[in-house]
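First comes the structure, then the notes that go with it.
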Ligand SMILES: [Zn+2]
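Numbering (our numbering), first residue to last: 177 to 510.
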């Protein structure tokens with residue numbers, strides 16, 4: 177099967193419509209800015225104007241913005257949003273004040289804008305190498321289930337991914353090729369030896385009392401963002417190495433997350449923010465993928481199944497092609 181054209185098709189079906197839809201966005205549109213609880217917000221109405229959405233309606237507890245190419249749904253009072261059915265998690269809730277819906281300025285700048293307008297991402301560095309980091313290893317098994325350990329499934333998928341990426345013309349580096357212990361610092365050191373690369377850490381989840389299931393993708397919290405799960409009251413204002421890649425991080429996460437959710441047909445738990453050591457220390461665009469829950473009986477059986485492992489590897493590899501094409505598009509722009 178010709179892999180590159182397939183990748184291109186996926187790119188055009190997900191990323192490019194977002195880009196095409198917003199390239200005419202009016203730079204002159206005035207932003208309605210509001211300070212609320214000490215944070216800077218913009219109104220959803222000015223998001224509608226700036227990104228040229230045709231309609232803005234309230235449906236249940238969601239505000240829906242729509243034009244020909246993009247449907248954006250925002251959960252009022254919550255932190256979830258969907259762009260073309262891909263789930264993202266904001267750092268600050270969407271609030272209502274005086275009849276106006278407000279989105280935090282930092283969520284707009286660090287999440288909405290790089291996804292809707294990847295052509296404005298700077299720097300959009302070209303890359304030829306993919307660093308694949310199988311989580312855990314050796315003394316550290318990661319999540320443990322009756323049918324196997326996270327560290328072994330992560331290594332299996334990493335090797336399948338390595339093969340798929342090589343077929344698509346990438347150089348591939350694995351942070352570990354065997355069942356050995358590696359500290360988080362060592363993983364960062366290995367990754368930072370390379371230039372022109374992206375970094376993908378592979379993990380499987382556990383928790384949720386056996387009920388949680390689905391795909392999560394983590395990317396580094398921008399400066400001033402809360403750590404996911406700690407609530408918006410605990411932002412961190414120190415800049416990390418990985419923050420040089422904020423816009424590329426969310427673009428890479430969008431490409432991988434959307435393609436993996438579609439490719440595996442597992443529930444979408446969203447693109448989330450965290451300050452995991454590998455994400456803070458790596459100088460390349462970096463994400464951490466949780467490819468399902470080992471604590472969920474059905475999903476654990478899938479994770480142990482070579483068909484599912486191949487779907488994961490194939491989807492991630494296609495997503496890397498998609499992201500590369502989007503970044504090449506960016507770098508060709510004046
Ligand atoms: Zn893990």
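Each residue gets a CB set at the ideal place from its N, CA and C atoms; glycine is no exception. Predicted model only: the values in this text are computed from it and were never measured.
Check: Within the chosen definition, does the region 336-349 reach the region 413-428 through at least 3 CB pairs nearer than 8 angstroms?; Outcome: no
Check: Please say whether residue 313 and residue 369 have beta carbons closer to each other than 7 angstroms?; Outcome: no
Check: For residue 324, I'd like the list of residues in its chain whose CB is within less than 7 angstroms of its CB, leaving aside the five on either flank, ordered along the chain.; Outcome: 480
Check: Run the CB neighbour count on residue 255, radius 10 Å, all protein chains shown included, and call it buried at 16 or more, exposed below.; Outcome: buried
Check: Under the three-state reduction of DSSP, which class applies to residue 386: helix, strand or coil?; Outcome: helix
Check: On the three-pair Cβ rule with 8 angstroms, is the region 431-443 touching the region 488-502?; Outcome: yes
Check: Does DSSP put residue 475 in a helix, a strand or coil?; Outcome: helix
Check: So which residues put a beta carbon under 6 angstroms from any heavy atom of ligand 1, going in chain order?; Outcome: 311, 312, 318, 326, 379
Check: Considering only residues of the same chain and omitting the five flanking positions on each side of residue 309, which have a CB-CB separation below 6 angstroms?; Outcome: 351, 363, 377
Check: Over the uninterrupted beta strand (DSSP E) stretch that includes residue 273, give me the two end residues.; Outcome: 271-273
Check: Assuming residue 470 and residue 357 form a contact by the criterion Cβ under 8 angstroms, report the distance between their Cβ atoms to the nearest whole angstrom.; Outcome: Incorrect: roughly 20 angstroms between the Cβ atoms, too far for contact.
Check: Around the C-beta of residue 273, are 16 or more other C-beta atoms found within 10 angstroms, so that it is buried, or is it exposed?; Outcome: exposed
Check: For residue 371, does the count of other Cβ atoms within 10 angstroms reach 16, so buried, or fall short, so exposed?; Outcome: exposed
Check: List the endpoints of the continuous beta strand (DSSP E) containing residue 373.; Outcome: 373-381
Check: Any idea if residue 461 is buried or exposed, counting beta-carbon neighbours within 10 angstroms, 16 or more meaning buried?; Outcome: buried
Check: Where do the ends of the beta strand (DSSP E) carrying residue 328 lie?; Outcome: Not the beta strand (DSSP E): residue 328 falls in the alpha helix (DSSP H), residues 326-343.
Check: With a threshold of 7 angstroms on Cβ separation, who are the neighbours of residue 215 within its own chain once the five nearest residues in sequence on each side are excluded?; Outcome: 268, 280
Check: State buried or exposed for residue 213, treating a residue as buried only when at least 16 other CB atoms are found within 10 Å of its CB.; Outcome: exposed
Check: Leaving out five residues before and five after residue 233 in sequence, what residues of the same chain have Cβ atoms less than 6 angstroms from its Cβ?; Outcome: 240
Check: Does DSSP classify residue 215 as helix, strand or coil?; Outcome: strand
Check: Just confirm the distance between the C-beta atoms of residue 250 and residue 220, as a whole number of angstroms; I'd bet it's less than 8 angstroms.; Outcome: 7 angstroms
Check: Comparing C-alpha positions only, which one of 217, 311, 438 sits nearest to residue 354?; Outcome: 311
Check: Our contact map puts residue 381 next to residue 365 with C-beta atoms below 8 angstroms; I'd like the distance itself, whole angstroms only.; Outcome: With a Cβ gap of about 26 angstroms, residue 381 and residue 365 do not count as contacting.
Check: For residue 511 versus residue 398, is the C-beta spacing smaller than 7 angstroms?; Outcome: The structure shown does not extend to residue 511, since the chain spans only 177 to 510, so no value can be given for it.
Check: Buried or exposed for residue 407, going by 16 or more other Cβ atoms inside 10 Å?; Outcome: Note that residue 407 scores a pLDDT of 48, beneath 50, so its modelled location is shaky and nothing firm can be said.
Check: How is residue 280 classed by DSSP in three states: helix, strand or coil?; Outcome: strand
Check: Can you tell me where the alpha helix (DSSP H) holding residue 425 begins and where it ends?; Outcome: 422-440
Check: Once the 5 residues before and after residue 224 are set aside, which same chain residues still bring their CB inside 7 angstroms of it?; Outcome: 232, 241
Check: On the three-state DSSP scale, how would you describe residue 498?; Outcome: helix
Check: What are the start and end residues of the alpha helix (DSSP H) that includes residue 238?; Outcome: Where residue 238 is concerned, there is no enclosing alpha helix (DSSP H), although the beta strand (DSSP E) it sits in stretches over 238-242.
Check: If we ignore side chains and look at the alpha-carbon of each, how far apart do residue 388 and residue 441 end up?; Outcome: 15 angstroms
Check: For residue 321, which three-state DSSP category applies?; Outcome: strand
Check: Considering only their Cβ atoms, is the gap separating residue 425 from residue 464 smaller than 7 angstroms?; Outcome: no
Check: Could you check the C-alpha separation between residue 129 and residue 394 for me, to the nearest Å?; Outcome: A question about residue 129 goes unanswered here, because the residues of the chain that appear run from 177 up to 510.
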